[in-house]
Amino acid sequence: MTFMSRFRVLFPVLVLAAAVGASFWHVLSRTRALASGTGSGRVTIRIGHWLLHEGMRESFDEAARAYEALHPDVRVEQVAVPIRIWPAWVRTQLVGGTAPDILGLNTLNEEFINRYFLPLTDAVAEANPWNAGTSLEGIPWRETFADGLDSMLALVPTTGEVQSVMLQLTTTRLFYNKPLMRAVTGSDAPPADYAALRALGRQVADYNARAGRRLVPVAACGPYAEYLFGRLLPSQTQQLAIALSPMQTLNLTAADLARAMLEGRLGYETPEMRSSLALLRDASALMQPGFYQLNRDDALFAFLQGNALMIFAGSWDYAVFARNERFEVGICPMPVPTADDPGYGRFVLGPQAETGGTPEGTFGIVRNSPYPEIALDFLRFLTSQHIAQMFADNTYRTSAILGVPPPEHAAGLAAILEGEVAGFRPDIPPSFGGGRASHVFRTHLHLLLGERGDLDGFVRKLDREMPAALRSDMERHASRARRSVSQLDAHLGLLFTQPGAGAATPDADWTRVSELQHVRQVEYLLSQPRPASRSSGGAPDARSR
Numbered sequence: 025m026t027f028m029s030r031f032r033v034l035f036p037v038l039v040l041a042a043a044v045g046a047s048f049w050h051v052l053s054r055t056r057a058l059a060s061g062t063g064s065g066r067v068t069i070r071i072g073h074w075l076l077h078e079g080m081r082e083s084f085d086e087a088a089r090a091y092e093a094l095h096p097d098v099r100v101e102q103v104a105v106p107i108r109i110w111p112a113w114v115r116t117q118l119v120g121g122t123a124p125d126i127l128g129l130n131t132l133n134e135e136f137i138n139r140y141f142l143p144l145t146d147a148v149a150e151a152n153p154w155n156a157g158t159s160l161e162g163i164p165w166r167e168t169f170a171d172g173l174d175s176m177l178a179l180v181p182t183t184g185e186v187q188s189v190m191l192q193l194t195t196t197r198l199f200y201n202k203p204l205m206r207a208v209t210g211s212d213a214p215p216a217d218y219a220a221l222r223a224l225g226r227q228v229a230d231y232n233a234r235a236g237r238r239l240v241p242v243a244a245c246g247p248y249a250e251y252l253f254g255r256l257l258p259s260q261t262q263q264l265a266i267a268l269s270p271m272q273t274l275n276l277t278a279a280d281l282a283r284a285m286l287e288g289r290l291g292y293e294t295p296e297m298r299s300s301l302a303l304l305r306d307a308s309a310l311m312q313p314g315f316y317q318l319n320r321d322d323a324l325f326a327f328l329q330g331n332a333l334m335i336f337a338g339s340w341d342y343a344v345f346a347r348n349e350r351f352e353v354g355i356c357p358m359p360v361p362t363a364d365d366p367g368y369g370r371f372v373l374g375p376q377a378e379t380g381g382t383p384e385g386t387f388g389i390v391r392n393s394p395y396p397e398i399a400l401d402f403l404r405f406l407t408s409q410h411i412a413q414m415f416a417d418n419t420y421r422t423s424a425i426l427g428v429p430p431p432e433h434a435a436g437l438a439a440i441l442e443g444e445v446a447g448f449r450p451d452i453p454p455s456f457g458g459g460r461a462s463h464v465f466r467t468h469l470h471l472l473l474g475e476r477g478d479l480d481g482f483v484r485k486l487d488r489e490m491p492a493a494l495r496s497d498m499e500r501h502a503s504r505a506r507r508s509v510s511q512l513d514a515h516l517g518l519l520f521t522q523p524g525a526g527a528a529t530p531d532a533d534w535t536r537v538s539e540l541q542h543v544r545q546v547e548y549l550l551s552q553p554r555p556a557s558r559s560s561g562g563a564p565d566a567r568s569r
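Just so it is clear: in the sequence shown, position 29 is 53 by this note's numbering, and no numbers are missing.
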């Protein structure tokens, strides 16, 4: 074999070896740098997140520089990761042991949080020293948050530990172009209810005919359309949610919905479900064609360029809208059907209440951080009242910290706390079971949408394919519930061996874990097929719950 022949054979191997060596050296150098600071005697901590919206990265940088000014021996690095690659990136970093000291919890489940993040329960019981001189001075850190960190506790119900804190609260709203609204309707007032929104769609069509434009009533994309449907469609199942709630908790889970459909107590021919599907079709007609294939940037661009009258988006986008120099933006809640709506009022109880807002900017400290004390101090600094105010001023977002007023001119972003119980959507969430039922719904959704949308054809297709998918998902759900019961059995066994076990008054850990075990046992039992009712000749009893 000639030298060149050997070289051709060995060249790929040499390239691969060089790449592996370079990767190893990079990891080793990074590890040494993290262990010894930057080489100048400074300690480096990193914070990783997905928050790339208007003003967020700048606010993190400003907070980092302010902290460094108070601690010259500490350097704070920001690692901002696009949301599209965040789920894979964050898991790779945690499993590989290269995660930043402070890390966002978005998309992580309870197992990952428990395994890779430090408990903060003791820390949040103490006062935040960075609140000295403010209205929150001396108050336990946990009580400085709007919800007392209950939403963070709900992320890890098994352990009962607080393992994260949050920076902000988010809501979703309908934003509209005020000058364009005046041009279309003669007024800059937003639609008050869904009937007015449908009428506005017709007004836009008339305006397009007069002005020779192709204005879209609502700019949308896949994720934002899901937000809109999540707010709009449950109006049709409010009464049904109460009737079907097995324990009268007014909280119908995906498993409850799947079980009701498998037992014949609920189907897509049910009037409320058909009405919800019809509402989905009508609302989709207000959006641009092919909206499900578009992303957030496409929707924002259409709205900001004046090619769409409205956009249903999150409060995280308000800064982009408010700072645009082309037109003034108005804010209003999503117009939903009222009880007197001629087309969709039959099943409505009333306007739905919101929670206090959805937590955003959730952060915890990774277990393998070389500087957990410094990371904890910086996390306290981030959630202090004066830094929270800086974030609110820069990002126009609602802070999760008490005493921080909402963004200027954005009172409409505050959560609506008064209202009726929400219903449920006609589709099964993809997180339930193996996601097969969700896949069936989405695969055939094109039959419902568009000018040729066929509600009856869509319902027939779902009735044929959904039962098998639901049974598969229910089996997966039962398997998870059974595994959870086994894990909680082991947890209770461990608690039983601890000093004081068997006392007349059980400790808080025993009570919490045993109650959670009971909940999981009920979930497992309810996921099992029910014996056929004798009175109905083997068919499920539609009255059973």
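Note that the Cβ used here is the ideal one computed from N, Cα and C, for glycine as well.
With 16 or more other Cβ atoms inside 10 Å of its own Cβ, isoleucine 389 counts as buried. Within the region 290 to 346, the complete alpha helix (DSSP H) segments of 4 residues or longer fall at 295 to 308, 320 to 328, 342 to 346, listed in chain order. Ranked by how close their Cα comes to the Cα of alanine 156, the residues Thr407, Ala235, Leu129 have Thr407 in first place. For histidine 501, no beta strand (DSSP E) run applies; the uninterrupted alpha helix (DSSP H) run containing it begins and ends at 479 to 520, by DSSP. A Cβ-Cβ separation of about 7 Å places valine 189 in contact with leucine 144 under the 8 Å criterion. In terms of CA proximity to alanine 309, Pro241 leads the group Ile69, Ala282, Pro241, Tyr251. When beta bridges are read from the DSSP output, serine 423 appears opposite Gln192. The region 135 to 154 and the region 359 to 366 do not touch, with fewer than three beta-carbon pairs separated by less than 8 Å. Here the alpha carbon of tyrosine 231 sits roughly 15 Å from the alpha carbon of asparagine 201. Residue pairing by DSSP puts threonine 382 in a beta bridge opposite Thr194. For histidine 470 and arginine 289, the gap between their C-alpha atoms comes out near 26 Å.
Judged by DSSP in its simplified three-state form, alanine 243 adopts strand. Boundaries of the beta strand (DSSP E) harbouring glutamate 101: 98 to 104, taken from the DSSP string. As the crow flies, the alpha-carbon of tyrosine 548 is around 28 Å from that of glutamate 293. In terms of Cα proximity to leucine 268, the closest of Ser175, Leu479, Glu296, Gln187 is Glu296. Taking a contact to require three or more Cβ pairs closer than 8 Å, the region 533 to 545 and the region 276 to 285 do not qualify as touching. For leucine 257, no beta strand (DSSP E) segment is defined, and its DSSP state is neither H nor E.
Shown here, isoleucine 266 sits in a helix according to DSSP, grouped into three states.
The Cβ atoms of glutamate 378 and leucine 441 sit closer than 8 Å to each other. Between glycine 72 and glycine 128, the gap from beta carbon to beta carbon is short of 8 Å.
Annotation for valine 180: no beta strand (DSSP E) segment contains it, and DSSP assigns it neither H nor E. Of the other Cβ atoms in all chains shown, 16 or more fall within 10 Å of the Cβ of glutamine 192; this residue is therefore buried. Each of Ala213, Phe405, Leu303, Asp146 was checked against the Cα of aspartate 478, and the nearest Cα belongs to Leu303. In this structure alanine 249 touches methionine 311 by the C-beta definition: roughly 7 Å separates them, less than 8 Å. A Cβ-Cβ distance of about 6 Å is found for the pair leucine 179 and isoleucine 137, placing them in contact under the 8 Å criterion. About 6 Å separates the beta carbons of isoleucine 411 and phenylalanine 405, which is inside the 8 Å limit, making them a contact pair. Phenylalanine 84 and arginine 507 have their C-alpha atoms some 40 Å from each other. The Cβ atoms of isoleucine 335 and phenylalanine 327 sit closer than 8 Å to each other.
Spanning the alpha carbons of proline 383 and alanine 235 requires a straight line of approximately 43 Å. Non-local beta-carbon contacts of alanine 343 in its own chain, meaning distances under 6 Å to residues more than five positions away in sequence, involve Glu78, Gly79, Thr419, Tyr420 in chain order.
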